[in-house]
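Accompanying notes for the structure given below.
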Amino acid sequence: MNNFVLKGDVAYSVSKNKTAYAENAYIICIEGKSAGVYRDLPEQYASLPMKDYTGKLIIPGLVDLHIHAPQFAYRGLGMDMELLDWLNAYAFPEETKYADLTYAEKAYDIFANAMKKSATTRACAFSTIHKDATVLLMRKLENTGIVSYVGKVNMDRESPESYIESSAQASAEETERWIHETAGYFNRTYPIITPRFVPSCTPELLSSLGELSRRYALPVQSHLSENRGEIEWVKELEPDSAFYGEVYDKYGLFGDPQKTVMAHCVYSTDDEMELMKERGVFVAHCPASNMNVASGIAPVRKYLDNDLNIGLGSDVAGGHTESLFTTMVETIQNSKLYWRTIDSSMKPLKFEEVFFLATKGGGAFFGKVGSFEKGYEFDALVFDDKTIAHPQPLSLSQRLERLVYLGGDRRCMQAKYVKGLKIL
Ligand code: GUN
Ligand code: FE
């Protein structure tokens, strides 16, 4: 079995307010899980193979709770519109192309390669409405070694003629075929039920998807309360629901008993927030996208202080980059603007809180993931941060903060381990 020791300067979240730091320490990996971090190598592990990363920084892998794989092709383009126009102008036309498997193969190769090289070790990804391209994406992600949930997207209303499924029944049947083809098929890649958002799914489809989620015990991902125009539209389409999240909840697509992650939650009301907490729904906070398509600033401080489940999402291509270090910086910056311009009682996020969100906060969606505490699945990143010169010594916490702000994921990442496997 793959048992080994890493030696280096270690940092990991214990809780949202506590980061553990250990210089010149040993992290033990036994059967894909952490057996703890030690200042001195315990006798019982002394005979294990050791990778010596002395002087280098080792942190848990980062978790991307929300990314659109097909949109990776046009990331960094078309940032001149609000959400609903942006979907029609850019997202839907691009996603339509994945009916063509030759195109999907080319585009998903580029995406999978970028994910492999990134600091992301776990991801929740949307594909498109196409079953076969979704299976292709899953195969490519499986080959990278990262762990992911991938969703075939469902859309049966209010969508372009060329990018819509023919009926709720057709959409649900195709989804069930896809589940049969993929559930239990891969080691590191799992299906997740993915209604795009309420405007693109009829109640009949939502009801069938809730049933599939229940029957096959599959988690759920979607979008929630992202943009004012979108929220108004949901009110018009579903006037009987008191708030946006209640629509998903009506159909069993809002947490407990199935894990659910909802992207954005920029304008969630107190009622919505309460229900999310009650059902254990995860928030995927996507600051880049919230700025790029001008949705707004999400109240992350409120979610954290109310102990909601929450992590970060790159939301490529509303977000322009898959870099979760960038997302971390934007999360702190956004929280400062929220405090300064919206609610002065909501204090800006501290670095350690955002480190928690990027690792253990989002990691909880995958189980015991995102920390080096005993029993956590072994996802680790190694950085040679000395290559970013500095004229005097820095503490470990300063090194970590600087690494994140200066884009260390692209400048000096040296190794990447996922579930005990070295993939880079
Ligand atoms: N809401 C529905 N679809 C999308 C999407 O592709 N991106 C974002 N940011 N929001 C959405
Ligand atoms: Fe999204």
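In the working numbering, the protein residues as written are 68 to 491. Yeah, the Cβ is synthetic: ideal placement off N, Cα and C, and Gly gets one too.
Spatial distance of residue i from residue j (CA atoms)
{"i": "Ser215", "j": "Ile455", "result": "31 Å"}
{"i": "Phe422", "j": "Ser233", "result": "43 Å"}
{"i": "Lys85", "j": "Leu491", "result": "29 Å"}
{"i": "Ile298", "j": "Thr269", "result": "16 Å"}
{"i": "Pro258", "j": "Ala250", "result": "6 Å"}
{"i": "Pro354", "j": "Val104", "result": "32 Å"}
{"i": "Met117", "j": "Val72", "result": "5 Å"}
{"i": "Glu495", "j": "Met413", "result": "Only positions 68 to 491 of the chain appear in the structure, and residue 495 is not among them; the question remains open."}
{"i": "Glu278", "j": "Tyr318", "result": "8 Å"}
{"i": "Ile97", "j": "Pro458", "result": "38 Å"}
{"i": "Pro127", "j": "Val77", "result": "9 Å"}
{"i": "Asp307", "j": "Val314", "result": "9 Å"}
{"i": "Phe445", "j": "Ala186", "result": "14 Å"}
Proximity of residue i and residue j at Cβ, strictly below 8 Å
{"i": "Leu342", "j": "Asp382", "result": "no"}
{"i": "Phe439", "j": "Gln481", "result": "no"}
{"i": "Ala156", "j": "Met148", "result": "yes"}
{"i": "Leu391", "j": "Lys83", "result": "no"}
{"i": "Tyr79", "j": "Ala87", "result": "yes"}
{"i": "Phe432", "j": "Lys302", "result": "no"}
{"i": "Lys74", "j": "Tyr112", "result": "no"}
{"i": "Leu208", "j": "Asp452", "result": "no"}
{"i": "Leu379", "j": "Leu416", "result": "no"}
{"i": "Asn129", "j": "Thr388", "result": "Per the sequence shown, residue 129 should be read as Leu rather than Asn. Result no, Cβ atoms of Leu129 and Thr388 do not sit closer than 8 Å."}
{"i": "Ser194", "j": "Pro137", "result": "yes"}
{"i": "Ser292", "j": "Ser356", "result": "no"}
{"i": "Tyr175", "j": "Leu203", "result": "yes"}
{"i": "Tyr311", "j": "Val350", "result": "no"}
{"i": "Gly347", "j": "Asn69", "result": "no"}
{"i": "Ala200", "j": "Leu154", "result": "no"}
Cβ-based burial, residue i [other Cβ within 10 Å; buried from 16]
{"i": "Asp323", "result": "exposed"}
{"i": "His352", "result": "buried"}
{"i": "Glu161", "result": "buried"}
{"i": "Ala158", "result": "buried"}
{"i": "Pro262", "result": "buried"}
{"i": "Gln236", "result": "exposed"}
{"i": "Gln465", "result": "exposed"}
{"i": "His247", "result": "exposed"}
{"i": "Pro366", "result": "buried"}
{"i": "Lys441", "result": "exposed"}
{"i": "Ser114", "result": "exposed"}
{"i": "Leu461", "result": "exposed"}
{"i": "Ile260", "result": "buried"}
{"i": "Asp107", "result": "exposed"}
Min CB distance residue i to chain B below 8 Å
{"i": "Ala284", "result": "No chain B appears in the structure shown, which is made up of a single protein chain."}
Check each residue's C-beta against every heavy atom of the ligand GUN and list, in chain order, those closer than 6 Å. His135, Leu150, Leu154, Ala158, Arg263, Phe264, His290, Glu293, Ser356, Asp382, Gly385
Can you give, in chain order, each stretch of the alpha helix (DSSP H) that sits fully within the region 311-382 and has at least 4 residues? 311-317, 337-346, 354-359, 367-372
List in chain order: all unbroken alpha helix (DSSP H) runs of 4+ residues lying wholly within the region 280-311. 295-304
Scan the region 241-285 and note each continuous alpha helix (DSSP H) run of 4 residues or more that stays entirely inside, going in chain order. 270-282
Would you mind listing the alpha helix (DSSP H) stretches within the region 408-434 that are 4+ residues and don't spill past its ends, in chain order? 418-423
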